[in-house]
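Working notes for the structure below.
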Amino acid sequence: MRKLLLVVLALTPVLAFAQGFQVNLEGEKQIGMGHTGTGILQDGASVFFNPGAVAMLSQNYVQGGISPLLFKSDFNPSGTSIQNQVANKVATPFSFYAVWGPKSSWWKLGLGVYTPFGGLTDWGNNWTGKYALESLDLKAIYFQPTLSIKLADFISIGGGFVYNRGSVDLTRAIPLSNQSGQDGQAELKGTGKGYGWNAGIYIKTESGMTFGISHRSQVNTNINNGNAIFTVPASLQSSFPQPNQFSSSIPLPATNTLGIGIYPNKNWVVAFDFNLVSWSAYKALAFNYTQTTAALQNTYSPRNYQDAVSLRAGAQYLATNKLAIRFGGGYASTAVEDGYVTPEAPDANRVYVTGGLGYKIANRLDLDVSFEFEHLMPRTQTNIETQLSGTFETNVYIPGISLAYHW
Amino acid sequence: MKNLKHYIYIVAGLVWLTACKPEITTFKPSHGNVDFTRYIAVGNSLTAGYADGGLYLSGQENSYPSIMAKQMQMVGGGTFTQPLFSTAQANGSGYLSLTGFTADGTPITTAVTSNLAVRGVLPVPGFGNVILYTKYTGDNNNYGVPGIKLLNITYAPYGNLNGYFERLLPGNAPTNTTDYLDFVTAKPFTFFSDWLGNNDALGYATSGGAGDVLTDKNTFAQLYSLSISKLTATGQKGVVATIPDVTSVPYFNTVTVRAILAGVQKANPSVQALYISALVSTSGTAYAPRPATASDLIVLTFPTSKIGQPVSTPYGTLPYGLTPYSPIENQYVLDQNEVALTEDYVSSYNSTIKSIAASKGLAVFDAYAFLNNIKKNGLVVDGINLNSNYISGGIFSLDGVHLTPRGYAIVANEFIKAINAQYGCSIPLADVSAYPGIKFP
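Chains as they are written, first to last, in my numbering: chain A, 984 to 1390; chain B, 9 to 449.
Written out as structure tokens, the structure reads:
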């Protein structure tokens, strides 16, 4: 008679995707110049930055790079001196590009494999927000075959097809402790896929300035039959049936970019990129479980993201025939409105500075290194869903290295 | 050589990267002009850290005064010593442990009876048996005594009638003559918390209005005034708390008339009502049977198996609880009039508490408003959804009245907020998510 229904635990795995999840590390030359690359020609990374510019490349390219990323977040709960910090973990965004076409031809083929979205945050199982998130490892790898056509000496266009393979591994504590006081845990682990496209146009003007416009489409990524693993005290296990699966769909947003290249003299390139990221497509996050119970329900969490912009500028100076010096920086506005900031990627408006060096090891081989420091402004928030209240601040450190072979 | 130098730079750079964590200081701890050097906690079972129907070591360690004191220590607070049970006698008075659920989801609790700190039983003529516990000697800051009423604090022989109080006193029952108020104020202190008065209403309520009486309102006011005068005698600052609405706790809201009736009707659809023995009028003491309604609260400890059992009455053998001649007994029900009576007293007690606190410039934690709000709206803290439900709510322990460590941490934070607001100091809040709720098997 003293019947007890374990209430709905509001188990809403909050997978937020923010600017924080847009990785923006798609070519070391471009990183060095503040992530600009849509309105200029550098190398095979044009496959990503502007498929329309690929046909204008004077050479063929095979190149690969990696940018180990250290995401250092701190959370200070309101009214306390507590500092919760993420563990030192290195994410490894990478990029690979190949561009080929007959010498002086009007067309070129390209292939890009890169990681435009991802995140690695590990707050541990002992911090104030553990019931919102313990850790998240999220990866999206895009495969993009591309065709680019030179319509005239001053204009080229191109487009590509995108296949995304995404993976997610998210853990959070469940406030149901066992006899030794240990929390339960939910882990959602799965892979998914999605499709999209991108296209661009590249224009050389008589004044010498160059322009690029590119569109990368939204990629809806569906995760089906991901594993939903719930570790709870034995007496409650029947409320969290095992094995169980989940499915979810996440829109990775479209990005529109306008890029400009200016060439004050033969040793200097100055570039600007303006990005509009259509995060407003991300309205809500829903999770459906194969087996539900009174305690484990399908969830629907509003996200209500807003479109975000980023402004980027960078320059390259050829110090010698063999050495290029690059620097740049930018600003990106947050996609996450007040009340929706979560520990997955505690998003905020951010500024960054970059620097890089390019060295011609041999006639056909470029070695490029880059470094980026990114700072997310402190943001004091009370999350509407979890009431997690406090201030987030994040620094990101990203060294990078790449090799490009061209002929 | 040159290369080696480069490597050193790279390694030094990486070390710098890992060392360079952002750090946020939005909050500057400060004691303002409050002296937290010797904080004492005055109160009853809630103050002692009583939980799951008993006082035991792990409950004591998570008492709200000890949580508060830990936070006070960040602003210059002194050591806070509690009258802890030893590890060998960690289970103290014994307590309830959750050992499982029946097939229909009813929790099964089992009494923990090993490693107790019981040293004997003293029969007191005209009062009953008093369980005596292993004496605590040594310094003490937590004077929480389970069961104590405000009514008892000036009663000299009380140290012979309450085993939890007797345990703190140097002398053995029945020779004690120090009253509670003198005992707690004997040693100088600089700050106090006072949460007395709950049992003056709760004792009546939890016994269904049958086993105890409500403390007279004027007596309450006199004693409250006396105790606060004594606690602030040398200008000490402090915090007091109001008395929760007794109906805000799961002890009265878990076993409901509707649920029992539904269970009965499953077996016998012709049953129309449960009968209870109810207080006829709030101004009288007469009880009469009547059908139970949703406004009558059944206590958590009511053995529902009694329903329908044959009872011999002057009208023959009748099923328990199902006829006016065999009603559910008074001690299992806080009926509508008893609820009204209790609420009237609690509201008077709380006016007393607030006005006396205001006159002395003390901080007030309005536990009445806070717990009623949780009952109505629930509470979400750090991603934890809490409410006033039994077991699943996460705040109340297995006895349905006292709190879980997590519940006590929430209460400690409310006390701290009240202190910070009243005295302009900045005691950091405790991390609620670090304190556990109910432990499940």
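Virtual Cβ for every residue (Gly too), placed ideally from N, Cα, C.
Where the alpha helix (DSSP H) containing residue i begins and where it ends
i                      : result
residue 175 of chain B : Careful: residue 175 of chain B lies outside any alpha helix (DSSP H) and carries neither H nor E.
residue 279 of chain B : Unbroken run through residue 279 of chain B: none, as it is neither H nor E.
residue 414 of chain B : 413-431
residue 382 of chain B : 375-385
residue 504 of chain B : Summary: the structure shown does not reach residue 504 of chain B, with chain B confined to residues 9 through 449, and so no result is reported for it.
residue 72 of chain B  : 72-80
residue 54 of chain B  : 53-56
residue 207 of chain B : 206-214
residue 263 of chain B : Per DSSP, residue 263 of chain B belongs to no alpha helix (DSSP H) and is neither H nor E.
Residue i, enclosing beta strand (DSSP E) - first and last residue
i                       : result
residue 31 of chain B   : Here residue 31 of chain B belongs to no beta strand (DSSP E), and DSSP marks it neither H nor E.
residue 103 of chain B  : 103-109
residue 1296 of chain A : 1291-1301
residue 225 of chain B  : Segment 225-239 is the alpha helix (DSSP H) holding residue 225 of chain B; no beta strand (DSSP E) there.
residue 1241 of chain A : 1238-1245
residue 1259 of chain A : 1251-1260
residue 409 of chain B  : Per DSSP, residue 409 of chain B belongs to no beta strand (DSSP E) and is neither H nor E.
residue 1119 of chain A : 1118-1135
Span separating the alpha-carbon of residue i from that of residue j
i                       : j                       : result
residue 274 of chain B  : residue 79 of chain B   : 52 Å
residue 409 of chain B  : residue 416 of chain B  : 12 Å
residue 153 of chain B  : residue 191 of chain B  : 12 Å
residue 1017 of chain A : residue 1354 of chain A : 10 Å
residue 209 of chain B  : residue 343 of chain B  : 15 Å
residue 225 of chain B  : residue 1105 of chain A : 56 Å
residue 1360 of chain A : residue 1156 of chain A : 27 Å
residue 1352 of chain A : residue 76 of chain B   : 53 Å
residue 433 of chain B  : residue 1211 of chain A : 46 Å
residue 1297 of chain A : residue 81 of chain B   : 51 Å
residue 1383 of chain A : residue 1349 of chain A : 14 Å
residue 402 of chain B  : residue 71 of chain B   : 16 Å
residue 83 of chain B   : residue 435 of chain B  : 6 Å
residue 1113 of chain A : residue 440 of chain B  : 11 Å
residue 1302 of chain A : residue 1129 of chain A : 33 Å
residue 1188 of chain A : residue 1137 of chain A : 7 Å
residue 122 of chain B  : residue 140 of chain B  : 16 Å
Where residue i meets chain B, residues with beta-carbon distance less than 7 Å
i                       : result
residue 1068 of chain A : 29
residue 1217 of chain A : 449
residue 1409 of chain A : Residue 1409 of chain A is absent from the structure shown; chain A starts at 984 and stops at 1390.
Rounded Cβ spacing between residue i and residue j (contact assumed at less than 8 Å)
i                       : j                       : result
residue 1256 of chain A : residue 1019 of chain A : 4 Å
residue 331 of chain B  : residue 222 of chain B  : Incorrect: roughly 30 Å between the Cβ atoms, too far for contact.
residue 1181 of chain A : residue 1034 of chain A : 6 Å
residue 61 of chain B   : residue 104 of chain B  : 5 Å
residue 1089 of chain A : residue 1140 of chain A : Not a contact, Cβ separation roughly 11 Å.
residue 1021 of chain A : residue 1238 of chain A : That belief does not hold up - the Cβ atoms of residue 1021 of chain A and residue 1238 of chain A are roughly 10 Å apart, past 8 Å.
residue 1070 of chain A : residue 1371 of chain A : That pair is no contact at about 19 Å.
residue 312 of chain B  : residue 268 of chain B  : 6 Å
Contact check, residue i vs residue j, beta carbons under 8 Å
i                       : j                       : result
residue 1203 of chain A : residue 1229 of chain A : no
residue 216 of chain B  : residue 340 of chain B  : yes
residue 1385 of chain A : residue 1047 of chain A : yes
residue 204 of chain B  : residue 233 of chain B  : no
residue 1313 of chain A : residue 1293 of chain A : yes
residue 1216 of chain A : residue 449 of chain B  : yes
residue 1173 of chain A : residue 1143 of chain A : no
residue 1009 of chain A : residue 1031 of chain A : yes
residue 1058 of chain A : residue 1356 of chain A : no
residue 198 of chain B  : residue 46 of chain B   : yes
residue 68 of chain B   : residue 90 of chain B   : yes
residue 336 of chain B  : residue 231 of chain B  : no
residue 1295 of chain A : residue 1339 of chain A : no
residue 1084 of chain A : residue 1109 of chain A : no
residue 281 of chain B  : residue 304 of chain B  : no
Closer than 7 Å at the beta carbon, the chain A residues around residue i
i                      : result
residue 447 of chain B : 1160, 1161, 1162, 1164
residue 441 of chain B : 1111, 1113, 1114
residue 327 of chain B : Chain A residues near residue 327 of chain B: none, gap ~16 Å exceeds 7 Å.
Listed by chain order, chain B residues near residue i by CB distance under 9 Å
i                       : result
residue 1376 of chain A : 30, 31, 32
residue 1059 of chain A : 31, 32, 33, 34, 35
Residue i: contacting residues in chain A (beta-carbon distance under 8 Å)
i                      : result
residue 392 of chain B : 1114, 1158
residue 389 of chain B : 1370
Partner residues on chain C for residue i, Cβ-Cβ distance less than 8 Å
i                     : result
residue 82 of chain B : Note that chain C does not occur in the displayed structure, where the protein chains are A and B.
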